[in-house]
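Numbering (the working numbering), first residue to last: 174 to 424. Using N, Cα and C, we set each Cβ at its ideal position, and we do this for glycine too. Below is one structure, written out as structure tokens; comments come after it.
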Amino acid sequence: MNGIQDGVAVVTGGGSGIGRQSSLRFAEAGANVVVADVDEEGGHRTVDLIESNGGEATFVETDVTDSEEVAAMVQTAIDEYGGIDFAHNNAGIAEEGARLADYDEAEWDQMIDVNLKGVWRCLKAEIPEMIERGGGAIVNTSSVAGVSANGSAHYAASKHGVIGLTRRATVDYADDGIRFNAVCPGVIDTPMVQQAGEDNTEELERITAGIPAGRLGEPEEIADAVVWLCSEDASYVMGQPIIIDGGLLVQ
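This is the structure we're talking about:
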């Protein structure tokens, strides 16, 4: 894809779901990929898939709630491939929630620490290296819950925050040649959603029935958008939350 060939991409949450497919798509487009995840087995599996298809990838175990591990992730990209050109800050968690005033504070803090502050930690580590390289492109994973009242209160708050970070970063670093965008997936057929479906089949069927596309989204459909947003074909797309939801929010 235009501008991706021979670049270096870092993907958090790359051990499964959207992050795995994003890693595979970057590699297919010719990038060297640093796959980051807390799941060592899943991360190595993603690397194996890339290498079996002729690509180049490295796994680094990374907890996005740990600033030192995030810094080590970026340093791995520098040590292995010379720098960083693209990033997909995708790692996140989701869980069922109570009404807003009924949360335990620790539950609230964990969600924000992973989904929002985790993205900020990644940006903080990635941006200076991209400036050194003369620019780059970063995509953050938000959600339809980031542009609506879908999802639990702490999840929605975290995903709204991701869009806020994306927009502010666009203003702060446009002169440095870095573009920022966010993807806002709807209900995607990932291990996280599969587990939720096993726990509540009727609820998942109800949600699926309410999607105009008539099905769940595929991780590849989000990954394709991520890689496009990082390519030169999207050079004039900046600071945007890209909704990919099968029509869920048009109703």
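A direct Cα-Cα distance of roughly 25 Å separates E393 from A322.
A straight-line Cα-Cα distance of about 15 Å links S325 and P358. Fewer than three pairs of CB atoms, one per stretch, sit closer than 8 Å, so the region 343-351 makes no contact with the region 280-294. Of R198, G192 and G203, the smallest CA-CA separation from D179 is found for G203. H261 is bridged by DSSP to V184 and V312.
Residues T185, V243, A264, V287, G291, R294 and C295 of the same chain have their beta carbon placed closer than 7 Å to that of V237, with the five preceding and five following residues left out of the count.
About 6 Å separates the CB atoms of R306 and D258; that is less than 8 Å, so the two are in contact. In the DSSP assignment, E234 falls outside any alpha helix (DSSP H) and within the unbroken beta strand (DSSP E) covering A230 to E234. DSSP, read as helix, strand or coil, puts G390 in strand.
Positions of the alpha helix (DSSP H) runs, each at least 4 residues long and wholly inside the region 267-339, are given as 278-288 and 290-306 in order along the chain. Cβ atoms of K332 and A310 stay farther apart than 8 Å, at about 20 Å. A direct Cα-to-Cα measurement between V183 and H261 gives close to 6 Å. By the neighbour-count criterion, in which a residue is buried when 16 or more other Cβ atoms sit within 10 angstroms of its Cβ, D348 is exposed. Annotation for A250: V181, V183, V207 and I257 place their beta carbon closer than 6 Å to its own, counting only its chain and skipping 5 residues before and after.
With 16 or more other CB atoms across the displayed protein chains lying within 10 angstroms of its CB, D210 is buried.
Burial is judged here by how many other beta carbons sit within 10 angstroms of a residue's own beta carbon; E378 has fewer than 16 and is exposed. Rounded to the nearest angstrom, the gap between the Cα atoms of G337 and G216 is 29 Å. With a 10 Å radius around the Cβ and a threshold of 16 neighbouring Cβ atoms, A386 comes out exposed. The beta-carbon distance between I304 and N354, rounded to whole angstroms, is 18 Å. This is too long to meet the 8 Å contact definition. Here D362 is not near G383, since their CB atoms are 8 Å or more apart.
Here A396 is near Q194, since their CB atoms are less than 8 Å apart.
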